[in-house]
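Protein chains in written order, with our numbering: chain A, 11 to 529; chain B, 11 to 529.
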């Protein structure tokens with residue numbers, strides 16, 4: 011038979027019923043309590059009309075109830091739709107209607123949007139309020155539903171059965187619902203476990219947003235081995251520092267921006283981070299400078315990186331602890347790692363043929379992690395997944411040892427005077443300037459060169475620098491044709507829900523009325 | 011998409027083309043060479059008429075070519091039938107015909123039987139000789155086929171596609187072909203990796219017979235992380251000691267009998283076994299005395315145990331290194347461990363309901379490891395796998411922490427005067443007598459008690475003991491009703507291909523013309 015995610019829960023319940031499953035604020039549940047609540051929620055959702063495979067949505071900050079939502083929906087036979095909390099009500103409504111999500115859970119933070127969605131959303135039948143305090147009119151109360159439910163049997167969905175629909179690309183064009191199966195998520199979780207990213211004694215901090223594939227993977231990996239979850243509602247640098255210290259978190263997932271904000275926090279040195287054994291990062295390119303700083307702050311921790319995308323459940327490659335410890339001189343810290351235990355990775359040209367090692371091409375990934383497809387979008391699925399290979403849209407190269415180096419999104423590559431310029435390389439150079447907080451390098455139209463290199467930069471608090479200084483700084487580090495020709499300062503960069511910089515937004519004003527090959 | 015076993019090979023080839031894949035006698039192949047040979051064999055088998063899913067047999071001792079057979083068959087799109095080398099030609103012929111195996115590879119050791127099979131076997135079309143020396147008349151030469159083949163593309167069989175047919179039960183009634191899928195074998199391999207049984211720097215000794223599910227699992231686990239295989243043709247105690255020392259093997263799989271023979275070997279102390287990091291054992295019950303002796307001999311090694319059966323690909327439970335290091339006082343060394351990362355385990359009564367912890371019942375297992383079924387035996391499949399649960403036929407109990415203790419085969423349990431006697435417990439008591447080499451305890455018919463406890467014993471070389479001495483010894487350790495009422499001495503015990511004692515053979519003369527509930 012195939013893999014099924016509820017196996018994780020029952021297996022841990024059998025061996026460790028008194029182990030702490032979730033810690034969330036002042037609430038704490040043992041695995042016995044957690045399993046009971048999952049079985050109740052599964053029954054409650056069935057009572058609300060959830061049929062096998064039906065989507066159930068969650069719109070909320072991180073919480074223990076978010077964990078219950080995942081496993082309770084699966085237990086009851088449904089599929090989760092973990093909604094991007096950074097979206098507008100209109101975007102959320104689109105995604106709920108797109109995959110016919112009839113039941114939606116909302117927490118305190120999103121109860122107003124929940125009410126708004128009722129008017130916007132055709133599919134929505136039932137709103138369940140899973141926050142604390144009074145239940146808004148027209149919504150059902152989560153704890154009441156749980157209390158009234160009779161814990162039911164596991165629906166035993168498995169294998170290729172739909173486990174999750176996760177929406178991506180909401181910021182450019184219409185969002186696409188990535189369909190992931192039980193086998194997809196389980197393969198990814200086992201790869202993380204097999205590569206040592208988590209272990210059974212993990213006290214895993216969930217502070218990156220749980221709706222997102224990265225946190226989901228970290229959660230599933232920890233669930234597969236039956237660890238304890240320390241759950242913080244949302245990322246703040248101080249929240250990360252405090253929660254790690256208070257609950258002695260051992261495993262922490264942070265996207266690069268979060269790592270930077272955490273280790274740069276003025277009080278970072280006052281917190282005891284010695285419990286952290288492993289920092290898992292990924293989601294976007296990290297600069298070596300940030301990484302070296304993080305090594306110092308998390309001085310007892312191993313670092314591991316996973317690279318991937320939602321469509322890959324989400325891991326494609328993995329850079330392990332050993333490589334972080336010993337690979338700096340070989341340049342491995344700029345690598346995304348090698349194919350995970352359950353994937354194959356190739357760098358291909360436009361025709362899908364593998365290019366020689368060292369040559370930049372598109373990263374393509376095959377394996378048990380590759381999504382079932384995009385919800386109701388067979389053409390986009392066929393374009394993205396060809397012969398079993400998922401075309402990531404990322405530009406990268408591979409060295410002789412199989413290490414992958416992501417140089418850019420295919421669409422963020424700048425072609426200037428016939429030369430390829432990888433924005434990540436320019437951003438890495440900029441990050442080494444002491445005044446630079448974050449940067450985004452984009453191609454802007456040029457009569458003479460086709461595109462020229464343009465940098466959008468935020469400065470660190472209290473720091474200052476001129477455009478000329480930053481351009482001169484880049485000239486000391488990278489080739490002339492890669493250096494920014496113009497620099498623009500902003501207080502902040504536009505970010506996606508996944509913590510990625512929205513370069514399409516930055517490019518838009520420059521390209522208005524013009525055509526770019528990809529946008 | 012689903013899992014596929016050839017992914018292991020390509021993933022390692024990409025990262026470690028010069029790593030040693032196989033060491034076999036004086037031959038050694040890098041992963042680049044090995045992958046090339048696998049692709050050639052796949053093409054050669056297709057050239058011989060192998061269609062997708064077709065079974066290809068191998069009858070031979072362990073060798074690097076046996077490894078090539080597994081991955082080459084999969085690469086070419088076929089399914090492996092690894093033939094029990096301890097069977098008679100008639101038994102082999104039955105199994106080849108049963109699942110329509112048309113191509114059979116035989117090595118030097120089995121070339122005579124290969125010739126014999128041509129007359130006995132209806133399905134067999136092509137015999138390939140993969141030994142050294144002259145190719146027997148009417149057989150094709152393996153190396154010639156390889157040299158002539160043009161390396162072909164991977165057939166990319168995956169998921170529920172049939173990967174292997176492994177025959178069990180050849181000693182009692184008709185053998186059954188256990189059908190295992192790519193997903194089955196991959197789930198088991200990932201569980202072994204995730205639980206730390208192997209790692210990427212493993213130099214894995216394959217000396218237990220490769221046709222068997224236990225060695226297969228160990229091979230697949232090592233293959234999943236891209237380790238090196240040190241392959242010895244067949245188990246001998248001296249061969250194990252020498253090969254470990256010569257090739258600095260790090261991971262070793264031995265069944266309990268093999269462990270005992272190895273550590274009891276008079277020259278064992280003269281060999282350097284310090285390279286061994288992990289001893290994996292399983293396949294039958296081990297006595298604590300043997301285990302404690304093995305701890306001393308393999309003084310640098312962790313011990314891990316896997317319990318299962320071919321139908322479970324084969325692991326059901328796993329007892330890890332930590333439990334071996336610290337669990338002796340709690341009695342964990344007599345446990346088979348807990349559910350693996352990919353399984354659930356329950357102890358059930360005759361109606362399939364879970365029994366309370368501590369109560370003996372039948373061990374049932376569910377999860378991604380459970381076989382597709384028995385080849386062409388839907389009724390036996392339906393009897394063995396009910397609601398996704400594989401009924402193992404083993405009697406066991408589970409403690410409050412989820413540890414499983416196998417007390418007997420259901421059919422080896424002795425019911426004497428209304429009391430259950432577990433043969434394993436009696437054998438454990440016998441094994442603590444200094445003169446006892448091995449023992450098998452069976453129930454024999456009794457007018458008064460229904461069954462009485464009978465022991466068949468081999469003595470250690472040069473040792474002596476009387477039946478009365480052994481019975482008196484047992485009285486000091488176990489309850490009166492469990493002690494043997496009769497003892498029989500033999501020079502050796504009849505063994506199956508898996509190294510298990512054939513108790514049915516021992517029981518047979520006593521039960522001739524009588525009925526026993528199970529046999």
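For glycine and all other residues, C-beta sits at the position ideal for the given N, C-alpha and C. As the structure is a computational prediction, the values presented were derived from the model and not from experiment.
Cβ of residue i less than 7 Å from any chain B Cβ?
i                     : result
residue 411 (chain A) : yes
residue 204 (chain A) : yes
residue 380 (chain A) : yes
residue 348 (chain A) : yes
residue 13 (chain A)  : yes
residue 25 (chain A)  : yes
residue 17 (chain A)  : yes
residue 523 (chain A) : no
residue 181 (chain A) : Residue placement at residue 181 (chain A) cannot be trusted, given a pLDDT of 45 that sits under 50; what the coordinates show is reported in the next sentence. Not closer than 7 Å to any Cβ of chain B, the Cβ of residue 181 (chain A) fails to qualify, so no.
residue 249 (chain A) : no
residue 368 (chain A) : no
residue 124 (chain A) : no
residue 398 (chain A) : yes
Residue i lies in the alpha helix (DSSP H); which residues open and close that run?
i                     : result
residue 217 (chain A) : Note, residue 217 (chain A): premise wrong, no alpha helix (DSSP H); not H, not E.
residue 325 (chain B) : Premise fails: residue 325 (chain B) lies in the beta strand (DSSP E), 325-329, not in any alpha helix (DSSP H).
residue 187 (chain A) : Unbroken run through residue 187 (chain A) is the beta strand (DSSP E), 186-191; no alpha helix (DSSP H).
residue 519 (chain B) : 513-521
residue 300 (chain A) : 298-307
residue 235 (chain A) : 223-235
residue 438 (chain B) : 433-441
Shortest alpha-carbon distance to residue i belongs to which of the options?
i                     : options                     : result
residue 525 (chain A) : A:476, A:421 and A:143      : A:421
residue 406 (chain A) : A:400, A:399 and A:414      : A:414
residue 177 (chain A) : A:187, A:42 and A:412       : A:187
residue 230 (chain B) : B:483, B:22, B:11 and B:392 : B:22
residue 172 (chain B) : B:62, B:368 and B:263       : B:62
residue 501 (chain B) : B:191, B:468 and B:463      : B:468
residue 154 (chain B) : B:139, B:20 and B:127       : B:139
residue 35 (chain B)  : B:354, B:71 and B:375       : B:71
residue 111 (chain B) : B:103, B:313 and B:364      : B:103
residue 370 (chain A) : A:390, A:376 and A:362      : A:362
The beta strand (DSSP E) spanning residue i covers which residue range?
i                     : result
residue 239 (chain A) : 238-241
residue 399 (chain A) : 399-408
residue 261 (chain B) : 261-264
residue 484 (chain B) : Unbroken run through residue 484 (chain B) is the alpha helix (DSSP H), 477-485; no beta strand (DSSP E).
residue 455 (chain A) : 446-456
Am I right that residue i and residue j are in contact with their C-beta atoms under 8 Å? What's the rounded C-beta distance?
i                     : j                     : result
residue 215 (chain B) : residue 240 (chain B) : 5 Å
residue 266 (chain B) : residue 217 (chain B) : In fact, because the Cβ distance is near 14 Å, the residues do not count as touching under 8 Å.
residue 436 (chain A) : residue 451 (chain A) : 4 Å
residue 347 (chain B) : residue 390 (chain B) : Actually they are not in contact, since the Cβ atoms of residue 347 (chain B) and residue 390 (chain B) sit about 28 Å apart, beyond 8 Å.
residue 76 (chain A)  : residue 220 (chain A) : 5 Å
In angstroms, rounded to a whole number, what distance separates the CA positions of residue i and residue j?
i                     : j                     : result
residue 321 (chain A) : residue 274 (chain A) : 32 Å
residue 379 (chain B) : residue 327 (chain B) : 11 Å
residue 442 (chain A) : residue 258 (chain B) : 46 Å
residue 131 (chain A) : residue 113 (chain A) : 11 Å
residue 517 (chain B) : residue 428 (chain B) : 20 Å
residue 79 (chain A)  : residue 495 (chain A) : 49 Å
residue 32 (chain B)  : residue 324 (chain B) : 23 Å
residue 28 (chain B)  : residue 306 (chain B) : 35 Å
residue 256 (chain A) : residue 19 (chain A)  : 26 Å
residue 514 (chain B) : residue 246 (chain B) : 26 Å
residue 125 (chain A) : residue 387 (chain A) : 29 Å
residue 228 (chain B) : residue 94 (chain B)  : 17 Å
residue 522 (chain B) : residue 454 (chain B) : 11 Å
Taking only beta-carbon atoms, is residue i less than 7 Å away from chain A?
i                     : result
residue 200 (chain B) : yes
residue 354 (chain B) : yes
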